[in-house]
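Asks:
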Amino acid sequence: MVSTDLSTSEYGSRVRQLIELSRKLRDIGAQSVLDIPRIAVIGGQSAGKSSLVEAVSGIRVPRAAGTCTRCPMEVNLKSRPGAWSCQISLRFEYDQHGLPLADVSLIPFGVALASPDDVEIALMRAQAAILNYPLIRYSEFMQKSKADLEKYRDAEAFSNGTLKFSKNVVCVDVYDEGCSDLSFVDLPGLIQNDERELVDLVEDLVRSNITGECLILVTIPMSDDMENQRSMRLAREVDVERRRTIGVLTKPDTLTKGSTSARQKWKDVLSGKENVLNLGYYCVKLSDDAEREKNLPRAEREEDAENSFFATTDPWSDLQKTLGYRFGVRNTVAYLSTQLTLLLDLTLPTLRLKAEQLLTECKEALTELPRPVVMDASTEVLTRVTDFCQHLTATVNGLDLVTDDGITATDGKTFVQQNRATYLTFKRKIRATAPDFRAFEDHLKYTKPFYYDKDESDEESSDEHETPKTCGPYNLYDVRRVIKSSIAWELPNNVPFDAKRKLIGDFTCLWDVPAVACYNAVAARLQQQLGASIDQHFLRFPRLQSYMTVKIMEKYEIQKTTAISAVETTLRIEKDPLFTQNTHYLDSCRRKWLTHSLSDPPYEILTDVRSPFTMSRRSSFDYPAVPHAINRSPSPTTRALSALAELGYKDLKASDLARLTQHDNFDEEVNVMAEVRAYFQVAYKRIIDNIPLTIEHALNKGLANSMKVNLLQELDLGSSEASKRLKDLLDEDPVVKARREQLEAQRRRLEQVLVELSRVGV
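Going letter by letter, the sequence shown gives residues 1 to 762 in the UniProt record's numbering.
(1) Around the Cβ of Arg-759, are there at least 16 other Cβ atoms within 10 angstroms (buried) or fewer (exposed)?
(2) List in chain order: all unbroken beta strand (DSSP E) runs of 3+ residues lying wholly within the stretch 107-192.
(3) If contacts are defined as beta-carbon pairs under 8 angstroms, then Asn-132 and Tyr-152 qualify, I think. What distance do you get, rounded to the angstrom?
(4) Please give the ranges of any beta strand (DSSP E) in the stretch 14-50, keeping only runs that are unbroken, at least 3 residues long and fully inside the region.
(5) By Cβ distance, which residues of its chain are closer than 7 angstroms to Leu-101, with the 5 residues on each side in sequence left out?
(6) In the DSSP assignment, find the unbroken beta strand (DSSP E) run with Asn-76 in it and report its ends.
(7) So is Phe-497 buried or exposed if we call it buried at 16+ other beta carbons inside 10 Å?
(8) Mapping the DSSP letters down to three states, classify Asn-631 as helix, strand or coil.
(9) Would you list, in sequence order, the uninterrupted beta strand (DSSP E) runs of no fewer than 3 residues that lie entirely inside the stretch 216-261?
(10) State the start and end residues of the unbroken beta strand (DSSP E) segment that holds Leu-90.
(11) What are the partner residues of Phe-437, as DSSP defines its beta bridges?
(12) Does the pairing of the stretch 305-325 with the stretch 355-369 give three or more beta-carbon distances under 8 angstroms?
(13) Between the Cα of Lys-321 and the Cα atoms of Phe-579, Ser-79, Ser-271 and Leu-526, which residue gives the shortest distance?
(14) Taking Cβ to Cβ, would you say Cys-179 is nearer than 7 angstroms to Ser-105?
(15) Name, in chain order, the residues that DSSP records as bridge partners for Ser-208.
(16) Are the CB atoms of Ile-88 and Phe-109 within a distance shorter than 7 angstroms?
(17) Apart from the five residues on each side of it in sequence, which residues of its chain come closer than 6 angstroms, Cβ to Cβ, to Met-232?
(18) Would you call the CB atoms of Arg-70 and Pro-188 closer than 7 angstroms?
(19) Any idea if Leu-353 is buried or exposed, counting beta-carbon neighbours within 10 angstroms, 16 or more meaning buried?
(20) Val-269 to Asn-275, Cα distance in whole Å?
(21) Is the beta carbon of Phe-680 less than 7 angstroms from the beta carbon of Pro-435?
(22) Can you give me the C-alpha to C-alpha distance between Ser-616 and Arg-438, rounded to a whole angstrom?
(23) Would you call residue 839 buried or exposed, if buried means 16 or more other Cβ atoms sit within 10 Å of its Cβ?
(24) Mark Ser-57 as exposed unless 16 or more other C-beta atoms lie within 10 angstroms of its C-beta, in which case mark it buried.
(25) So, with DSSP's three-state summary, where would you put Ser-308?
(26) Under a three-way DSSP split, which group does Asp-535 fall into?
(27) Using only the alpha-carbon positions, how far apart do Val-284 and Lys-49 sit?
(28) What span of residues does the alpha helix (DSSP H) with residue 792 cover, start to end?
(29) State whether the stretch 546-555 contacts the stretch 523-537, with contact taken as three or more CB pairs (one from each stretch) at a distance under 8 angstroms.
(30) Around the C-beta of Ser-597, are 16 or more other C-beta atoms found within 10 angstroms, so that it is buried, or is it exposed?
(31) Closest to Asp-314 by CA distance: which of Leu-342, Leu-729, Thr-256 and Ser-145 is it?
(32) So who's on the other strand from Phe-327, going by DSSP bridges?
(33) On the DSSP bridge assignment, give the partners of Cys-214 in chain order.
(34) Work out the CA separation of Tyr-684 and Glu-460 for me, nearest whole Å.
(35) Tell me Ser-105's beta-bridge partners as DSSP assigns them.
(36) Buried or exposed for Asp-186, please, with buried defined as at least 16 other CB atoms from any protein chain shown within 10 angstroms of its CB.
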C-alpha cells in the first residue's frame, strides 16, 4: 500500500470528498447518462498492469494462468482511521447480452475482509459470479475453492453460458488509514494471440471505458518498443490531442547495461522529448516474485526496493535531481490523485447542468408516454370498452365526442358526410335507370329524352354525366310487343297488368347492383372506422387490443350479415308487389309525361345538328325543353293556341290541345309508357331513401346500439377468473413499458445525482 501526505492535509479532505462523490455517482449508475471523471488502467498482457494495481492498492490480484482480468475491476482506496479492511461488491449495469439494465444494482459480495491475503481468492470468486450472471446466483460462488472455480474457465463452461468477458464491474473498496484516496478502474488486458472476435471484444470493452472524461493510465513495459504497444495506440485513438493520457513505464530492470540505445530512448520518453504526452510519463519498479516472498510489509518492501533501484541504476539515477518526482509508485499515486481531483473540480459544474437538462428532458419524455395503469384491471377494461362504444355511437350519429378536458376525441361528422356522399352516388345511379320511353314508331330517329324534376337541384341532377346500365329505349312498337306477349284471358281493350310488371321489372332489377355497391362502401368505411377506434382505445395494451379486435370484428361480421339481409329485403319489397298509396303523385307524374311527350315532345330529331347538352332546360316532369322551343319563330303549339284565341277560345293551355286530337291506335302503348314512367318516379323516390335508411339502421346504428352489451357479455366481468384474465389482457406494450421503466430509472438516477452534487456544494 502506497501512501502520501495528501491524506493529512486540507487538500486531502477535498480529495477524499470528490473521489467519494465519483464513487457514489458510479454506484447509482450515473455513468450511463453522464460522463463521470475517472481513471482507467489499461495495458497488454504481461505489461506489468497487475503488479501496478497491486502496488497502488496493496491487495493481491489473481495471477495464476487463465485467471486474467475478464471484467472491469474498480478499486476505491479510502483513508480512514481503524484497522485495514476490504469490501468486495458486484455492480451489475448490463444484462448477459451486454445491454444496459434499467436499474444499476450494487451487491456486497460476502462480508468485509480483514486481511489482504484473503483478497485474491475473493476476487476470483467475484469475477466468476460476474461472468455467470444471471445464469447462476452470485451467492453460490462465495465459498467456492480455486479448484471449483477452474471449471468455469474451460470450453464446456463457455458453451453452457459462462461469458468470456463482461462489462459488469467487480468493486473493491479498501479502507486503510495509511493510504491515499484514489479511485481507478483496472480494465482487462489487451490480447493478441486469440480469436479475432475475442480480441475485438476486449478492445471494444476497453475503448468504451476510456472515452470521455477519463484519465487513461497506460502501462508500458520497457522490455518492448513503444511502437509495439497496442494499448498506447488505442489511447491515441480516443485521445487524439494526448491531453488525458498518462504513461506508466514498467519493468525498467529489464534494460541491461548493454542496452544503451534502448535506455536512451526511454530516457527521452520520460524527459518529454519523444512520444510526448501532455500529462507526461512516470516510471515504476514493481516487485518481482522473489521480493514478494520476503516477509516484509508490502508497502515497506516495495518502496524500499524501488527507491534503491532508481537511486543506484543508470540512467535513472542521473534523472533524480530533475525528474525525481516522475519516479516511484508513491509519486505516481500522488499525481493521479491530484489530476483526478482537478478533473472532478473542473467538470462537476458542467455535470450538474447536464444532469438538470437530462432530468427535464426525461420528465418531458415521460409525459409523452401513456400513464401507467392505476385502476384495477376490471375498471380499466370497462372504462376503455365504454369509451370505445361511446366513440362508435358518436361516430355513426355524426356527433363530436368531447373529453372532460375539452379535447375533441372524434370527428363524427366526417363519417356521416362520407356516407351521405355514397348515398348521393347511389341516388344518381338509380335515377339513371329510368325507362327510356320514346312515343314514336321509330325511336332511332330521336335521342333519349332528358328530364329532371323541378324539386331537385341541378347539382344533384347529373344523369347526363352517368353511363349506367339502363332499360330501353322503347318505342311504341316495343311496348306493343310487350303488351301482346302478356295477354292471357283479358277482354279486349284491357292491357294486361303483366305487361306493366314486366316493364317495371326491367328497371327494378337494375337496382340490386348499385344498392349492394352502396352497402359495401358504407360497410367498408365502418370497418375502417372500427379499426381506427380500436387503435385509439386499445393500442396501448397489445393483448387487449388483439382480443377486442377479434370480438369487435365478430360482432361487425354478424351485423353485416343482418344488414345485407335487410338491404336485400328492401330490394325485394320494391319488386313485388307493385304498390303505392302515393296515388296523387303517381297520377301527377303520369299526366305530366303524357302532356310533355305528346303535346310538346321532349326529343331531339337526330337530323338536327344541335346536341341535347346544349339545349336550355326548363322545369317540367324531368325532361329538357324541346329544340324548337328555343327557335326565334313560334312553335306549332304556340301558333295553334294563338289561332284558337282569335276564334274566341281563350285561356287554353298546351295540354288542352291533346283533347282536340283524334286518338290513334297507340293509345294503350302511350298510356302504358306513362304509367310505368310514373311508377318509376314513385318507386325511385322510395328506394333512394329506404336503402340508405336500411343501411344506417341495420348496419351502423344496429352495431353501435348493441356493441356495449355484446362486449360486456364476452368479457364476463362477474366470473371468478375475470380479474386474472383481464389483468393478463392489460399487459402493456413491451416497448412502451420498457421505455417507461428506462425513463423512470433514469429520472431516479438523475435526481440522486443532483442530491449527491448538492452535498459537496455543486
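Ideal Cβ positions, reconstructed from N, Cα and C, are used throughout, including at glycine.
Replies: On the basis of the supplied data:
(1) Counting from 1 along the sequence shown, the entry for residue 759 is found at position 759. Classification of Arg-759: exposed, given that the 10 Å Cβ count is below 16.
(2) 169-175 and 182-186
(3) For the purposes of this step, residue 132 is taken as residue 132 along the sequence shown, with counting starting at 1. For the purposes of this step, residue 152 is taken as residue 152 along the sequence shown, with counting starting at 1. Contact holds; Cβ gap of about 7 angstroms.
(4) 38-42
(5) Position 101 of the sequence shown, counted from the first residue, corresponds to residue 101. Excluding positions up to five away in sequence, the list reads Phe-92, Glu-93, Tyr-94 and Asp-95.
(6) Counted from its first residue, the sequence shown places residue 76 at position 76. Note, Asn-76: beta strand (DSSP E), 73-78.
(7) For the purposes of this step, residue 497 is taken as the residue at position 497 of the sequence shown. It counts as exposed.
(8) Residue numbering aside, residue 631 sits at position 631 when the sequence shown is read from its first letter. Legend: pLDDT at Asn-631 = 46, less than 50; position of this residue unreliable, value from coordinates given subsequently. Three-state result, Asn-631: coil.
(9) Within the stretch 216-261, the complete beta strand (DSSP E) segments of 3 residues or longer fall at 245-250, listed in chain order.
(10) The residue given as residue 90 occupies position 90 in the sequence shown. That run of the beta strand (DSSP E) goes 85-94.
(11) Position 437 of the sequence shown holds residue 437. The partner list for Phe-437 (beta bridge, DSSP) reads Tyr-474.
(12) no
(13) Reading the sequence shown from its first residue, position 321 is the one you call residue 321. When only C-alpha atoms are compared, the closest one is Ser-271.
(14) The residue you call residue 179 lines up with position 179 of the sequence shown. The residue you call residue 105 lines up with position 105 of the sequence shown. In this structure, Ser-105 does not lie closer than 7 angstroms to Cys-179 by Cβ.
(15) Counted from its first residue, the sequence shown places residue 208 at position 208. Beta-bridge pairing links Ser-208 to no other residue.
(16) For this step, residue 109 is matched to residue 109 along the sequence shown. For this step, residue 88 is matched to residue 88 along the sequence shown. Going by C-beta atoms, Phe-109 is nearer than 7 angstroms to Ile-88.
(17) Position 232 of the sequence shown, counted from the first residue, corresponds to residue 232. Excluding sequence neighbours, Met-232 sits near Val-218.
(18) Mapped onto the sequence shown, residue 70 falls at position 70. Mapped onto the sequence shown, residue 188 falls at position 188. Taking 7 angstroms as the Cβ cut-off, Arg-70 and Pro-188 qualify as a contacting pair.
(19) On the sequence shown, residue 353 is found 353 positions in, with the first residue counted as 1. So Leu-353 ends up on the exposed side.
(20) Within the sequence shown, numbered from 1, the residue matching residue 269 stands at position 269. Within the sequence shown, numbered from 1, the residue matching residue 275 stands at position 275. Between Val-269 and Asn-275, the C-alpha separation is close to 6 angstroms.
(21) Position 680 of the sequence shown, counted from the first residue, corresponds to residue 680. Position 435 of the sequence shown, counted from the first residue, corresponds to residue 435. With contacts defined as CB atoms closer than 7 angstroms, Phe-680 and Pro-435 qualify as a contacting pair.
(22) In the sequence shown, the residue the question calls residue 616 occupies position 616. In the sequence shown, the residue the question calls residue 438 occupies position 438. In this prediction, Ser-616 has a pLDDT of 35, which is less than 50 and means its spatial position is unreliable; what the coordinates show is noted afterwards. In this structure, the alpha-carbon of Ser-616 lies about 20 angstroms from that of Arg-438.
(23) An answer regarding residue 839 cannot be provided, because it is not within the stretch 1 to 762 covered by the chain.
(24) The residue given as residue 57 occupies position 57 in the sequence shown. With 16 or more other Cβ atoms within 10 Å, it is buried.
(25) For the purposes of this step, residue 308 is taken as the residue at position 308 of the sequence shown. Here Ser-308 carries a helix assignment [DSSP, helix/strand/coil].
(26) Numbered from its first residue, the sequence shown carries residue 535 at position 535. It is helical.
(27) What you label residue 284 is simply residue 284 of the sequence shown in a count that begins at 1. What you label residue 49 is simply residue 49 of the sequence shown in a count that begins at 1. Computed Cα separation, rounded: 11 angstroms.
(28) Absent from the model: residue 792. The displayed extent of the chain is 1 to 762, so no value can be given.
(29) yes
(30) By one-based count along the sequence shown, residue 597 stands at place 597. So Ser-597 ends up on the buried side.
(31) The sequence position of residue 314 within the sequence shown is 314, counting from 1. If we check each option's Cα against that of Asp-314, Thr-256 comes out closest.
(32) Here residue 327 corresponds to residue number 327 of the sequence shown, with the count starting at 1. DSSP, once it has assigned bridges, lists Cys-283 as partnering Phe-327.
(33) Here residue 214 corresponds to residue number 214 of the sequence shown, with the count starting at 1. In the DSSP output, where bridge partners are listed per residue, Cys-214 has Arg-38.
(34) Your numbering for residue 460 matches position 460 in the sequence shown. Your numbering for residue 684 matches position 684 in the sequence shown. Because Glu-460 carries a pLDDT of 47, less than 50, the predicted location of this residue cannot be relied on, and the following value inherits that uncertainty. Approximately 14 angstroms between the Cα atoms of the pair.
(35) Along the sequence shown, read from residue 1 onward, the residue named residue 105 stands at position 105. DSSP output for Ser-105 lists Phe-92 as bridge partner(s).
(36) Numbered from 1 along the sequence shown, position 186 holds the residue referred to as residue 186. The residue is buried, with at least 16 neighbouring Cβ atoms inside 10 Å.
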